[in-house]
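Numbering (our numbering), first residue to last: 1 to 181.
Cβ atoms here follow ideal geometry from the backbone N, Cα and C, with glycine treated the same way.
Heads up: the structure comes next, in structure tokens.
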């Protein structure tokens with residue numbers, strides 16, 4: 001088995017795909033360490049202790065690969081995309097027009113994939129809003145994780161988290177098309 005794995009590096013096409021996938025994963029890991037704009041990292045470090053204690057925040061942080069703990073731009077990860085995919089798969093059974101699209105073959109599947117992307121953006125936006133308010137409720141009285149909790153600042157943070165989720169979705173699609181995904 002090890003020999004088969006080592007032999008795979010001798011094939012140039014597989015080597016390129018592995019290198020591309022590794023590069024995309026490196027970009028993801030980098031984004032998982034970049035904090036969202038306007039986050040007070042000192043206050044966030046103090047709040048980090050509540051993540052390690054378990055509970056709902058600890059579980060969400062575990063699923064996100066630790067990027068929730070850092071309030072990173074990729075904090076949502078692929079969770080909204082997975083949720084959107086599940087919702088659309090269930091809807092193809094219930095909604096006749098979606099069921100018809102599913103049966104149309106590749107053209108219909110591309111349309112469903114496009115709907116999944118749109119739903120992902122909506123879910124990411126909603127989850128970003130929820131995430132900002134949950135994090136705000138977890139902070140201690142008198143010290144906020146967000147340096148300013150005005151509408152404009154919250155909008156920037158929510159937009160950043162949503163854009164981060166869209167970028168993660170795009171990275172995943174690139175890995176599927178050009179990598180080993």
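- Scanning 132, 165, 167 and 166 for the CA closest to the CA of residue 150 turns up 132.
- Nearest in C-alpha terms to residue 118, of all of 136, 162 and 147, is 162.
- Here residue 80 is buried. Its C-beta has 16 or more other C-beta atoms within 10 Å.
- Contact annotation, residue 167 with residue 39: C-beta distance approximately 18 Å; criterion of less than 8 Å not satisfied.
- When the beta-carbon positions are compared, residue 98 and residue 112 come within less than 8 Å of each other.
- Using a 10 angstroms sphere on the CB of residue 84, the tally of other CB atoms reaches 16 or more, which defines it as buried.
- Residue pairing from DSSP places residue 146 in a beta bridge opposite 39.
- Cα atoms of residue 107 and residue 100: separation of roughly 11 Å, rounded to the nearest angstrom.
- Contact check for residue 92 and residue 169: beta-carbon distance about 20 Å, past the 8 Å limit, so the pair fails to qualify.
- Straight-line measurement puts the Cα of residue 126 at about 24 Å from the Cα of residue 94.
- Per the coordinates, the alpha-carbon of residue 116 lies some 23 Å from the alpha-carbon of residue 157.
- Rounded to whole angstroms, the separation of the alpha carbons of residue 180 and residue 34 is 26 Å.
- As computed with DSSP, residue 72 is found in a beta bridge with 35.
- With contacts defined as CB atoms closer than 8 Å, residue 31 and residue 74 qualify as a contacting pair.
- When secondary structure is reduced to three states using DSSP, residue 79 falls in the helix class.
- In the DSSP annotation of this structure, residue 9 is not part of any alpha helix (DSSP H), being labelled neither H nor E.
- Rounded to whole angstroms, the separation of the alpha carbons of residue 24 and residue 78 is 14 Å.
- The three-state secondary structure of residue 106, taken from DSSP, is helix.
- Secondary structure of residue 180 (DSSP, three-state): coil.
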